[in-house]
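*Asks:* Please read through the structure below; I'll follow up with questions.
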Amino acid sequence: MRILATLLNEWRLFRRDLAGMVLLFLMPLGLTIVMALIQDAPFREYQDYVFNVLWVDNDGGPMAAKLNEELNNGQFRLIDSVDGQQIDSTRLRQLVQSGDYKIGIVVPKGISAEVVNSANLVANELSRSTGAAGKLPVRDTRTLTIALYFDPVTKQAMKLSLLNAIDKQLTRTQAEMILGRLSDKLTSIDSTADTPFNLQEKLQTVGIREFTAGNEKTAKLNTNSVQHNVPAWAIFGLFFIIIPIAGNMIREREEGSLVRLQLIPGSYYSIIAGKLLFYLLLGIGQFYAMLLAGRLLMPLLGLPALYMGHAPLALLVTVAAIALTATAYGLLVGALFQTPNQALPFGALSIVILSAIGGIWVPVEILPAGLQQLARISPLFWSLDAVNDLFLRSGGFSTIWKPLCMLGGFTLVFAALSGWLEQTRKR
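Put into structure tokens, the structure is as follows:
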């Protein structure tokens, strides 16, 4: 009777503020969409974007030409003139410093000659070792530097991504020129060969290929803004259900409906069970609404569709465990404080803090070591860990038992403390 009466009472309180409950669904959905759109570029590591790069070639040799060709064929669009005028190093720095362009590259004079000189040194050493006649002209080597300029407001992550891409192309171009020079030298040593000696082909015997670490037979899945943001902010929004829970509990005490429930024979924990059941159903509905938006709405916005794993029953159990934990925490906050002005700010700020250290905003792996350990006290950490196990690691019950046990422990502790506080207040 207490459970049924509590369910009816919660529905009555819920029905009083339908607009607020609609916002409880719509606000997390709006937040998820915005965050997914904002973080789409960082999650793709800028690989699908083409950047305009100012280009000044003070060398004019084959090395600079080869580097120009390699960079122009993908992520970068090299620009050597602005407003119909050829730019120089000074003009390049002005345009980058003003923010008109994000990146500028200046190739120093003599870089091609230095690469050729290095190749000749290696070729001469090879000739000396093999006793071959002939010596290519060489001189003392010099160290030249290709100058890169970035807009001062460019974020460090973007700088590192672009620097790695440019460094990779530069290393490849130098290696191709040196190997080509050595191939010509080896061909001249073995003049009886039917075909030219291609050293680069001889060295391409080992390659790199990415494989999935799991047993998933379907298409390989990588983390993207949708896979991170939809589950993460769905969990965040679900935990914000503590706001109406705590508010309703305080309203029950003020209106006297809680006293009427307590007059029904039985333990106060049956009232808690009724509240858990009501908000469990509400939380499951809210969470799956977010997942369906990730599955159906995100592709309409040009984002990938949410992949929800292959264990629907394990997902339902996980969502239920998260909803129970969030509800129990809301009951604890409602039992702990006397007025809405006390409960609501504390509840909101505590969820923000627990989500920040729990990996909702940024991955836990990049937090300081102390915060990584502190993250384990956050139920949002275990919630996100369980969902990631199902979605990204293609797991099932065998892989999520630990997060589920932790969430069950949080639920029991929060519910027990809430019941104890209410019974103490009653006495």
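Number 512 marks the last residue of the sequence shown (this note's numbering); no jumps.
The beta carbon of each residue, even a glycine, is placed where N, CA and C say it ideally should be.
Just so you know, these numbers come straight off a predicted model, no measurement behind them.
Pick out whichever of Leu233, Ile330, Leu177 has its Cα sitting closest to the Cα of alanine 408.
*Replies:* Ile330
*Asks:* Measuring CA to CA, which of Ile196, Ser197, Arg224, Gly195 is closest to asparagine 209?
*Replies:* Arg224
*Asks:* Is DSSP giving glycine 232 helix, strand or coil here?
*Replies:* The residue you asked about is not glycine; residue 232 is alanine in the sequence shown. Residue state, collapsed to three classes: strand.
*Asks:* Quick one: measure Cβ to Cβ for threonine 412 and leucine 365, integer angstroms, because I've assumed they're closer than 8 Å.
*Replies:* 6 Å
*Asks:* Any idea if serine 483 is buried or exposed, counting beta-carbon neighbours within 10 angstroms, 16 or more meaning buried?
*Replies:* exposed
*Asks:* Kindly indicate the opening and closing residues of the beta strand (DSSP E) around isoleucine 190.
*Replies:* 188-192
*Asks:* Between the alpha carbons of isoleucine 327 and leucine 434, how many angstroms are there, rounded?
*Replies:* 11 Å
*Asks:* How many Å lie between serine 519 and leucine 391 at the Cα?
*Replies:* The shown model of the chain, from 86 to 512, leaves out residue 519, and the question about it has no answer.
*Asks:* Buried or exposed for threonine 509, please, with buried defined as at least 16 other CB atoms from any protein chain shown within 10 angstroms of its CB.
*Replies:* exposed
*Asks:* In whole angstroms, give me the CA-to-CA distance for serine 197 and lysine 151.
*Replies:* 10 Å
*Asks:* Quick one: is lysine 287 buried, meaning 16 or more other Cβ sit within 10 Å of its Cβ, or exposed?
*Replies:* Low per-residue confidence applies at lysine 287: pLDDT is 48, beneath 50, and the placement is therefore not dependable, though the value from the model is reported in the following sentence. By the neighbour-count rule (16 or more Cβ atoms within 10 Å), lysine 287 is not buried but exposed.
*Asks:* Run through DSSP, which three-state label would asparagine 137 get?
*Replies:* strand
*Asks:* Report yes if the C-beta of glycine 332 is less than 7 Å from at least one heavy atom of the ligand PLP; otherwise report no.
*Replies:* The ligand PLP is not part of this structure, which contains no ligands at all.
*Asks:* So what does DSSP say about leucine 248, is it helix, strand or coil?
*Replies:* helix
*Asks:* Are the Cβ atoms of threonine 175 and methionine 375 separated by less than 8 Å?
*Replies:* no
*Asks:* State the CB to CB distance for the pair tyrosine 234 and valine 181, rounded to an integer number of angstroms; the pair is presumed to be in contact (CB under 8 Å).
*Replies:* 5 Å
*Asks:* Should glycine 494 go down as buried or exposed, given a rule of 16 or more other Cβ atoms within 10 Å for buried?
*Replies:* Counting Cβ neighbours within 10 Å, glycine 494 comes out exposed, since fewer than 16 surround it.
*Asks:* Taking only three categories from DSSP, how would you classify isoleucine 325?
*Replies:* The question names isoleucine, but residue 325 is phenylalanine in the sequence shown. Coil at phenylalanine 325, not helix or strand.
*Asks:* Please state whether the Cβ-Cβ distance between phenylalanine 372 and valine 404 is less than 8 Å.
*Replies:* yes
*Asks:* From the DSSP secondary-structure annotation, give me the bridge partner or partners of arginine 478.
*Replies:* Partner(s): none; arginine 478 has no beta bridge.
*Asks:* In chain order, what residues of the same chain lie with their CB nearer than 7 Å to the CB of threonine 239, ignoring the 5 residues before and after it?
*Replies:* Lys187
*Asks:* From the DSSP output, in three-state form, read off valine 207 for me.
*Replies:* helix
*Asks:* Relative to the alpha-carbon of alanine 232, which residue among Val418, Arg178, Leu477 has its alpha-carbon at the smallest distance?
*Replies:* Arg178
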